[in-house]
Amino acid sequence: MDLTGAAVQLADLVALDQDGLRCPAEAYERMRERGVHYAPEVDAYVVSRHADVVAVLRDGERFSSANTVGNPPVRPQDDDTGLRPLLLLSDDPLHARRRSIVNRVFTPARVAAWEPQISEVCARLVDGLRGRTDIDLVRDLAALLPIRVISLVLGVPQRDVDRFRAWSEEITSSLGGHSGDAARRERVQNEFTGYIGTLLDERDGMPGEDVLSLIGEAERQGELSRRECVRFVIELLIAGNITTTHHLASSMALLGRVPGLFERLRREPDLIGRFIEESLRLEAPIQCFYRLVTVDGLVGGVEVPAGSRLLVFYGSANRDPQVWEQCPHLVLDRRNGSAHLAFGKGAHACIGASLARLESRVVLQALLERIESVELLLSHEQQPYLPSFVNHGPISLPARLVFLDMTVGSPRVP
Ligand code: HEM
Numbered sequence: 001m002d003l004t005g006a007a008v009q010l011a012d013l014v015a016l017d018q019d020g021l022r023c024p025a026e027a028y029e030r031m032r033e034r035g036v037h038y039a040p041e042v043d044a045y046v047v048s049r050h051a052d053v054v055a056v057l058r059d060g061e062r063f064s065s066a067n068t069v070g071n072p073p074v075r076p077q078d079d080d081t082g083l084r085p086l087l088l089l090s091d092d093p094l095h096a097r098r099r100s101i102v103n104r105v106f107t108p109a110r111v112a113a114w115e116p117q118i119s120e121v122c123a124r125l126v127d128g129l130r131g132r133t134d135i136d137l138v139r140d141l142a143a144l145l146p147i148r149v150i151s152l153v154l155g156v157p158q159r160d161v162d163r164f165r166a167w168s169e170e171i172t173s174s175l176g177g178h179s180g181d182a183a184r185r186e187r188v189q190n191e192f193t194g195y196i197g198t199l200l201d202e203r204d205g206m207p208g209e210d211v212l213s214l215i216g217e218a219e220r221q222g223e224l225s226r227r228e229c230v231r232f233v234i235e236l237l238i239a240g241n242i243t244t245t246h247h248l249a250s251s252m253a254l255l256g257r258v259p260g261l262f263e264r265l266r267r268e269p270d271l272i273g274r275f276i277e278e279s280l281r282l283e284a285p286i287q288c289f290y291r292l293v294t295v296d297g298l299v300g301g302v303e304v305p306a307g308s309r310l311l312v313f314y315g316s317a318n319r320d321p322q323v324w325e326q327c328p329h330l331v332l333d334r335r336n337g338s339a340h341l342a343f344g345k346g347a348h349a350c351i352g353a354s355l356a357r358l359e360s361r362v363v364l365q366a367l368l369e370r371i372e373s374v375e376l377l378l379s380h381e382q383q384p385y386l387p388s389f390v391n392h393g394p395i396s397l398p399a400r401l402v403f404l405d406m407t408v409g410s411p412r413v414p
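Numbering-wise, the sequence shown is residues 1 to 414 according to our numbering.
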């Protein structure tokens with residue numbers, strides 16, 4: 001199936017044009033044709049070819065992460081707000097020291113140990129759709145799983161997960177600038193900080209292997225302040241949540257949209273892993289991030305002065321025909337299927353990649369084991385996408401599900 005988009009340009013993406021955001025492939029093709037170039041609409045040099053993206057991501061000395069998420073510009077006093085991500089925006093050697101505090105929780109072997117609990121959560125969520133008459137696969141599945149999983153990994157007590165989720169939503173929306181109520185924002189942040197403080201204090205003298213225990217230990221060793229501990233938790237919450245929700249949503253959209261895919265994966269479940277990589281490649285949940293140039297020099301053969309911003313497109317690198325045969329197509333037997341850049345590359349490559357892959361596999365298995373067919377009720381062209389050219393994914397997927405035991409979960413017919 002050809003998943004190429006309609007003719008759009010970078011300016012359309014920046015203007016948050018829905019057609020462009022849904023399928024930015026054409027804009028990326030134009031960007032790659034031009035190579036590295038300055039784009040006034042983003043006030044940055046655009047880096048879009050696979051080889052150039054890899055070279056930039058691997059060179060943390062020349063290309064700083066200080067403004068990875070773009071505006072607002074980072075000021076020293078922002079460090080004190082309790083919101084600035086601790087890993088994402090720091091450079092080595094500080095970045096490497098901070099990352100080593102939690103690294104061991106996210107190794108593939110450690111993550112594999114979470115599978116039974118994650119499977120249980122997935123089974124409960126999918127079974128909860130049985131007989132429902134108003135299913136939205138984003139609201140009722142893709143948005144619910146990641147927060148439960150990150151709560152587990154952090155070590156948030158089961159009894160608090162719903163409260164934790166409510167805080168997480170409030171904090172995420174206030175960070176995105178959607179919440180205009182400053183007093184409420186401050187109250188939520190204070191409550192959350194107090195709550196995390198209590199959990200950290202509870203762990204004093206009872207070290208465990210969850211993330212909160214590791215962070216608490218680093219605090220006791222004087223490596224992190226209490227405020228930095230809270231920033232760490234908020235970073236993991238947000239980084240692990242929105243991205244994974246978008247990835248699950250995009251994967252379910254592909255399942256409903258690519259003819260025969262659902263049936264093929266049910267017949268050959270060994271292909272689920274390959275499907276996940278193709279979904280990540282074609283629908284990268286983070287399409288691009290910024291880097292800050294620290295010294296004058298060449299980027300992709302083009303002179304770029306120190307102080308400039310680069311906008312680095314993982315999503316375009318993932319569709320570069322120099323690397324991928326039949327690149328607009330979902331191909332389940334690629335030799336280089338996991339070489340995509342959806343999780344980045346180099347020192348800042350996603351710490352949660354194994355966890356995200358596990359969540360994705362387990363939820364797909366839960367669906368394939370229980371469901372006969374998925375019918376999406378909106379065509380691809382009708383699906384609303386998140387209004388962002390950085391984060392990418394459908395925000396609503398109304399669907400009709402037929403369970404294998406023939407229970408139907410579908411919207412109520414008006
Ligand atoms: C499909 C889901 C996910 C995608 C597509 C994704 C994507 C990414 C990307 C592209 C980066 C690199 C940023 C850069 O180049 O500067 C990154 C970093 C990061 N991710 Fe993920 N991520 C996902 C899931 C997760 C999960 C589940 C967690 C945590 C539990 C997580 C935590 C982080 C953190 C903390 C960083 C910063 C790492 C650093 O700067 O050293 N992510 N992610």
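Beta carbons: idealized from backbone N, C-alpha and C, even for Gly.
Just so it is clear, the structure is predicted and the values come from calculations on it, not from any experiment.
- The beta-bridge partner set that DSSP reports for S279 is empty.
- DSSP places P108 in the helix class (H, G or I) of the three-state scheme.
- Annotation for I272 indicates a beta carbon at 8 Å or more from all heavy atoms of the ligand HEM.
- Counting of Cβ neighbours within 10 angstroms places M206 among the exposed residues, the total staying below 16.
- Residue range E115 to D127 is occupied by the alpha helix (DSSP H) that includes E115.
- Taken atom to atom, the span from the alpha-carbon of D296 to that of R62 is near 9 Å.
- In terms of Cβ geometry, F262 and V105 do not form a close pair [threshold 9 Å].
- Rounded to whole angstroms, the Cβ separation of E235 and P85 is 4 Å, and the two are in contact under 8 Å.
- In the DSSP assignment, R132 forms no beta bridge with any residue.
- Counting other Cβ atoms within 10 Å of its Cβ, L404 stays below 16 and is therefore classed as exposed.
- For V149, the closest C-alpha among the options I276, Q365, V211 and A284 is that of V211.
- Membership of A39 in the beta strand (DSSP E) is indicated by the continuous run H37 to A39.
- The stretch 358 to 369 makes contact with the stretch 116 to 126: 3 or more CB pairs, one atom from each, lie closer than 8 Å.
- Not one heavy atom of the ligand HEM sits closer than 8 Å to the Cβ of H37.
- Here N67 is not bridged, per DSSP, to any residue.
- Annotation: the continuous beta strand (DSSP E) that includes C288 extends over C288 to V293.
- Shown here, F262 sits in a helix according to DSSP, grouped into three states.
- Between the alpha carbons of G208 and L200 lies a gap of roughly 11 Å.
- Residue state for V138 is assigned as helix, using DSSP reduced to three classes.
- The C-alpha of S151 is placed about 8 Å away from the C-alpha of P157.
- According to the DSSP assignment, V47 belongs to the beta strand (DSSP E) that extends over A44 to V47.
- Residue side-chain check: C23 keeps its Cβ at 8 Å or more from all non-hydrogen atoms of the ligand HEM.
- Three or more beta-carbon pairs drawn from the stretch 45 to 55 and the stretch 312 to 323 are found closer than 8 Å, and the two stretches are therefore classed as touching.
- DSSP places A51 in the helix class (H, G or I) of the three-state scheme.
- With a contact defined as Cβ atoms closer than 8 Å, S250 and P108 miss out at about 23 Å.
- Going by C-alpha positions, E372 is about 19 Å away from L248.
- Secondary structure of P85 (DSSP, three-state): coil.
- In this structure, the beta-carbon distance from L141 to V153 does not fall below 9 Å.
- Residue range I371 to L376 is occupied by the beta strand (DSSP E) that includes I371.
- Note on the stretch 327 to 384: whole beta strand (DSSP E) runs with a minimum of 3 residues are 371 to 376, in chain order.
- Secondary structure of V299 (DSSP, three-state): strand.
- Following the DSSP letters along the chain, one finds R34 inside the alpha helix (DSSP H) bounded by residues A25 to R34.
- The beta carbon of G337 lies closer than 6 Å to those of R274 and E277 in the same chain, with the five residues before and after it left out.
- Spatial neighbours of V323 in its own chain (CB-CB distance under 6 Å, excluding positions within 5 residues in sequence) are listed in chain order as H50.
- As computed with DSSP, V312 is found in a beta bridge with V47 and F289.
- Distance from the CA of R309 to the CA of V331, rounded to the nearest whole angstrom, comes to 34 Å.
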